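Participant: Residue numbers (our numbering): 2 to 234.
Each residue gets a CB set at the ideal place from its N, CA and C atoms; glycine is no exception.
No experiment lies behind these values; they were computed from the predicted model shown.
Here it is as C-alpha coordinates:
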(Lines of atoms letter the chains of each structure in order from A and count residues from 1; the text may use other names and numbers.)
(Lines give C-alpha, C1' and ligand atoms only; values in the text may rest on other atoms or scores of the structure.)
Protein backbone atom coordinates (compact mmCIF):
# COMPACT_ATOMS: atom_id res chain seq x y z
CA UNK A 1 0.00 0.00 0.00
CA UNK A 2 1.45 3.29 -1.10
CA UNK A 3 1.94 5.77 1.70
CA UNK A 4 0.97 9.42 1.42
CA UNK A 5 3.77 11.80 0.95
CA UNK A 6 3.95 15.34 2.24
CA UNK A 7 3.10 16.62 -1.19
CA UNK A 8 0.01 14.47 -1.25
CA UNK A 9 -1.04 15.84 2.13
CA UNK A 10 -0.55 19.37 0.93
CA UNK A 11 -2.75 18.58 -2.03
CA UNK A 12 -5.50 17.14 0.22
CA UNK A 13 -5.35 20.02 2.71
CA UNK A 14 -7.08 22.44 0.39
CA UNK A 15 -10.22 20.30 -0.18
CA UNK A 16 -10.42 19.51 3.53
CA UNK A 17 -10.21 23.18 4.45
CA UNK A 18 -12.80 24.01 1.83
CA UNK A 19 -15.10 21.25 3.10
CA UNK A 20 -14.69 22.39 6.71
CA UNK A 21 -15.35 25.96 5.70
CA UNK A 22 -18.49 24.91 3.83
CA UNK A 23 -19.66 22.92 6.86
CA UNK A 24 -19.12 25.92 9.14
CA UNK A 25 -20.93 28.19 6.67
CA UNK A 26 -23.81 25.72 6.40
CA UNK A 27 -24.07 25.51 10.19
CA UNK A 28 -24.01 29.28 10.41
CA UNK A 29 -26.65 29.62 7.73
CA UNK A 30 -28.75 27.01 9.49
CA UNK A 31 -28.43 28.92 12.77
CA UNK A 32 -29.40 32.18 11.08
CA UNK A 33 -32.34 30.47 9.39
CA UNK A 34 -33.47 28.98 12.69
CA UNK A 35 -33.21 32.38 14.38
CA UNK A 36 -35.10 34.05 11.55
CA UNK A 37 -37.77 31.35 11.67
CA UNK A 38 -38.15 31.82 15.44
CA UNK A 39 -38.47 35.56 14.89
CA UNK A 40 -41.10 34.96 12.22
CA UNK A 41 -43.04 32.62 14.52
CA UNK A 42 -42.91 35.20 17.30
CA UNK A 43 -44.05 37.96 14.95
CA UNK A 44 -46.84 35.74 13.63
CA UNK A 45 -47.98 34.91 17.18
CA UNK A 46 -47.87 38.60 18.12
CA UNK A 47 -49.82 39.46 14.97
CA UNK A 48 -52.49 36.89 15.80
CA UNK A 49 -52.65 38.18 19.38
CA UNK A 50 -52.97 41.76 18.15
CA UNK A 51 -55.67 40.66 15.71
CA UNK A 52 -57.63 39.02 18.52
CA UNK A 53 -57.24 42.10 20.71
CA UNK A 54 -58.29 44.36 17.84
CA UNK A 55 -61.37 42.24 17.15
CA UNK A 56 -62.27 42.23 20.85
CA UNK A 57 -61.79 46.00 21.02
CA UNK A 58 -63.94 46.45 17.92
CA UNK A 59 -66.67 44.24 19.36
CA UNK A 60 -66.55 46.28 22.57
CA UNK A 61 -66.79 49.54 20.66
CA UNK A 62 -69.69 48.23 18.58
CA UNK A 63 -71.47 47.15 21.78
CA UNK A 64 -70.87 50.60 23.29
CA UNK A 65 -72.13 52.24 20.12
CA UNK A 66 -75.29 50.12 20.17
CA UNK A 67 -75.76 50.87 23.88
CA UNK A 68 -75.20 54.57 23.28
CA UNK A 69 -77.68 54.50 20.40
CA UNK A 70 -80.23 52.81 22.66
CA UNK A 71 -79.59 55.36 25.40
CA UNK A 72 -79.92 58.21 22.89
CA UNK A 73 -83.26 56.88 21.67
CA UNK A 74 -84.47 56.38 25.24
CA UNK A 75 -83.30 59.85 26.25
CA UNK A 76 -85.02 61.39 23.22
CA UNK A 77 -88.26 59.64 24.14
CA UNK A 78 -87.93 60.88 27.73
CA UNK A 79 -87.39 64.44 26.52
CA UNK A 80 -90.32 64.15 24.13
CA UNK A 81 -92.58 62.84 26.90
CA UNK A 82 -91.64 65.75 29.17
CA UNK A 83 -89.74 63.63 31.70
CA UNK A 84 -86.52 65.69 31.43
CA UNK A 85 -86.19 69.31 32.53
CA UNK A 86 -88.93 71.36 34.15
CA UNK A 87 -92.19 69.82 35.28
CA UNK A 88 -95.01 71.05 33.05
CA UNK A 89 -97.31 71.58 36.00
CA UNK A 90 -100.01 73.53 34.17
CA UNK A 91 -100.17 71.03 31.32
CA UNK A 92 -100.35 68.00 33.59
CA UNK A 93 -102.95 69.59 35.88
CA UNK A 94 -105.08 70.39 32.84
CA UNK A 95 -104.81 66.78 31.68
CA UNK A 96 -105.72 65.46 35.11
CA UNK A 97 -108.68 67.81 35.46
CA UNK A 98 -109.94 66.90 31.99
CA UNK A 99 -109.88 63.22 32.96
CA UNK A 100 -111.53 64.01 36.30
CA UNK A 101 -114.29 66.07 34.68
CA UNK A 102 -115.09 63.14 32.38
CA UNK A 103 -115.66 61.07 35.52
CA UNK A 104 -118.76 63.24 36.25
CA UNK A 105 -118.25 64.27 39.85
CA UNK A 106 -116.37 61.20 41.05
CA UNK A 107 -113.15 63.13 41.79
CA UNK A 108 -113.92 65.63 44.55
CA UNK A 109 -110.58 67.08 45.56
CA UNK A 110 -106.88 66.89 44.77
CA UNK A 111 -103.59 68.22 46.18
CA UNK A 112 -100.38 68.62 44.18
CA UNK A 113 -97.20 68.53 46.24
CA UNK A 114 -93.84 70.08 45.44
CA UNK A 115 -90.81 68.50 43.91
CA UNK A 116 -89.12 65.85 46.08
CA UNK A 117 -85.90 63.90 45.45
CA UNK A 118 -86.24 60.18 44.83
CA UNK A 119 -84.01 57.81 46.79
CA UNK A 120 -83.69 54.08 47.32
CA UNK A 121 -83.58 53.10 43.64
CA UNK A 122 -80.72 50.90 42.44
CA UNK A 123 -78.23 52.79 40.26
CA UNK A 124 -79.54 56.24 41.13
CA UNK A 125 -76.16 57.10 42.69
CA UNK A 126 -74.59 56.92 39.21
CA UNK A 127 -76.52 59.94 37.96
CA UNK A 128 -74.12 62.83 37.31
CA UNK A 129 -75.78 65.79 35.57
CA UNK A 130 -79.42 65.04 36.35
CA UNK A 131 -81.19 64.00 39.53
CA UNK A 132 -84.43 62.08 39.76
CA UNK A 133 -87.34 63.94 41.35
CA UNK A 134 -91.01 63.20 41.87
CA UNK A 135 -94.19 65.28 41.97
CA UNK A 136 -97.05 63.68 43.88
CA UNK A 137 -100.71 64.43 43.37
CA UNK A 138 -103.20 63.01 45.85
CA UNK A 139 -106.87 62.99 44.94
CA UNK A 140 -110.09 61.94 46.61
CA UNK A 141 -112.78 60.17 44.65
CA UNK A 142 -116.24 58.81 45.36
CA UNK A 143 -117.01 56.30 42.60
CA UNK A 144 -120.36 54.59 42.52
CA UNK A 145 -118.92 51.09 42.42
CA UNK A 146 -115.79 49.09 41.55
CA UNK A 147 -116.34 49.17 37.77
CA UNK A 148 -116.57 52.96 37.75
CA UNK A 149 -113.48 53.16 39.95
CA UNK A 150 -111.45 51.00 37.54
CA UNK A 151 -112.65 53.14 34.62
CA UNK A 152 -111.52 56.26 36.51
CA UNK A 153 -108.14 54.64 37.23
CA UNK A 154 -107.58 53.86 33.56
CA UNK A 155 -108.83 57.27 32.40
CA UNK A 156 -106.48 59.18 34.68
CA UNK A 157 -103.50 56.92 33.92
CA UNK A 158 -104.01 57.24 30.17
CA UNK A 159 -104.55 61.02 30.25
CA UNK A 160 -101.49 62.33 32.09
CA UNK A 161 -98.07 62.46 30.44
CA UNK A 162 -94.43 61.95 31.33
CA UNK A 163 -93.17 59.15 33.52
CA UNK A 164 -96.24 58.83 35.68
CA UNK A 165 -98.30 56.22 37.43
CA UNK A 166 -101.04 55.84 40.02
CA UNK A 167 -98.94 54.19 42.70
CA UNK A 168 -101.74 53.23 45.06
CA UNK A 169 -105.23 53.86 46.34
CA UNK A 170 -106.89 53.43 49.70
CA UNK A 171 -110.48 52.29 49.28
CA UNK A 172 -113.31 52.37 51.76
CA UNK A 173 -116.58 50.67 51.00
CA UNK A 174 -119.87 52.41 51.86
CA UNK A 175 -121.23 51.50 55.27
CA UNK A 176 -124.58 53.30 55.03
CA UNK A 177 -127.65 51.14 54.42
CA UNK A 178 -129.61 51.63 51.23
CA UNK A 179 -133.40 52.22 51.34
CA UNK A 180 -135.37 48.99 51.22
CA UNK A 181 -136.25 47.99 47.69
CA UNK A 182 -133.34 49.91 46.20
CA UNK A 183 -131.32 48.17 43.52
CA UNK A 184 -127.72 48.63 42.36
CA UNK A 185 -126.76 52.32 42.11
CA UNK A 186 -127.27 53.76 38.68
CA UNK A 187 -124.81 56.02 36.86
CA UNK A 188 -126.64 59.05 38.22
CA UNK A 189 -125.84 57.94 41.76
CA UNK A 190 -129.52 57.49 42.71
CA UNK A 191 -130.96 54.10 43.50
CA UNK A 192 -134.39 52.95 42.36
CA UNK A 193 -135.78 53.69 45.83
CA UNK A 194 -135.17 57.44 45.21
CA UNK A 195 -132.60 57.56 48.01
CA UNK A 196 -128.99 58.62 47.31
CA UNK A 197 -126.88 55.49 47.17
CA UNK A 198 -123.77 55.37 49.36
CA UNK A 199 -120.56 55.72 47.39
CA UNK A 200 -117.16 54.16 47.75
CA UNK A 201 -114.41 56.47 48.95
CA UNK A 202 -110.94 56.39 47.45
CA UNK A 203 -107.74 58.31 48.18
CA UNK A 204 -105.18 57.80 45.42
CA UNK A 205 -101.58 58.85 44.78
CA UNK A 206 -100.56 59.87 41.27
CA UNK A 207 -96.80 60.42 40.86
CA UNK A 208 -94.76 61.99 38.06
CA UNK A 209 -91.01 61.25 37.87
CA UNK A 210 -88.71 63.86 36.37
CA UNK A 211 -84.99 64.03 35.53
CA UNK A 212 -83.79 67.57 36.26
CA UNK A 213 -80.74 69.50 37.51
CA UNK A 214 -80.47 69.68 41.30
CA UNK A 215 -80.96 73.45 41.51
CA UNK A 216 -84.14 74.92 42.98
CA UNK A 217 -87.30 74.50 40.93
CA UNK A 218 -89.82 77.40 40.95
CA UNK A 219 -92.61 74.87 40.39
CA UNK A 220 -91.90 73.16 43.71
CA UNK A 221 -94.56 75.09 45.66
CA UNK A 222 -97.56 72.86 46.48
CA UNK A 223 -101.09 73.55 45.35
CA UNK A 224 -103.36 72.65 48.26
CA UNK A 225 -107.04 71.88 48.41
CA UNK A 226 -108.35 72.24 44.88
CA UNK A 227 -112.00 71.29 44.39
CA UNK A 228 -113.39 70.21 41.05
CA UNK A 229 -116.64 71.37 39.41
CA UNK A 230 -119.41 68.95 40.21
CA UNK A 231 -117.46 67.40 43.07
CA UNK A 232 -118.01 67.64 46.81
CA UNK A 233 -115.03 69.07 48.68
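1. Could you give the first and the last residue of the continuous alpha helix (DSSP H) run that contains residue 158?
2. Tell me, to the nearest whole angstrom, how far the beta carbon of residue 201 is from that of residue 144; I am working on the premise that it is less than 8 Å.
3. Within the continuous alpha helix (DSSP H) that includes residue 1, where are the two ends?
4. Measuring CA to CA, which of 105, 78 and 94 is closest to residue 212?
5. Give a yes or no on whether the C-beta atoms belonging to residue 109 and residue 159 are separated by under 8 Å.
6. Report the rounded CA-to-CA distance for residue 93 versus residue 112, giving the unit in angstroms.
7. Indicate the three-state DSSP secondary structure (helix, strand or coil) for residue 122 in the structure shown.
8. Provide the residue span of the beta strand (DSSP E) that contains residue 139, from first to last.
9. For residue 165, count neighbouring C-beta atoms within 10 Å of its own C-beta (all shown protein chains included) and say buried if the count is 16 or more, exposed if not.
Facilitator: So, from the listed chains and residues:
1. Working through the chain shown from its first residue, we reach residue 158 at position 157. Segment 147-160, the alpha helix (DSSP H) holding residue 158.
2. Walking along the chain shown from the start, residue 201 turns up at place 200. Walking along the chain shown from the start, residue 144 turns up at place 143. The Cβ separation is near 5 Å, so the contact holds.
3. Because the chain is modelled from 2 through 234, residue 1 falls outside the range shown and cannot be assessed.
4. As a first step, residue 212 must be located in the chain shown, where it is residue number 211. Nearest option by C-alpha distance: 78.
5. If you number the chain shown from 1, residue 109 lands on position 108. If you number the chain shown from 1, residue 159 lands on position 158. Contact: no.
6. Numbered from its first residue, the chain shown carries residue 93 at position 92. Numbered from its first residue, the chain shown carries residue 112 at position 111. So the alpha carbons of these two residues sit roughly 13 Å apart.
7. What you label residue 122 is simply residue 121 of the chain shown in a count that begins at 1. Correct three-state label for residue 122: coil.
8. Translated into positions along the chain shown, residue 139 becomes position 138. Counting along the chain, the beta strand (DSSP E) containing residue 139 begins and ends at 132-142.
9. Mapped onto the chain shown, residue 165 falls at position 164. With 16 or more Cβ atoms within 10 Å of its Cβ, residue 165 is classed as buried.
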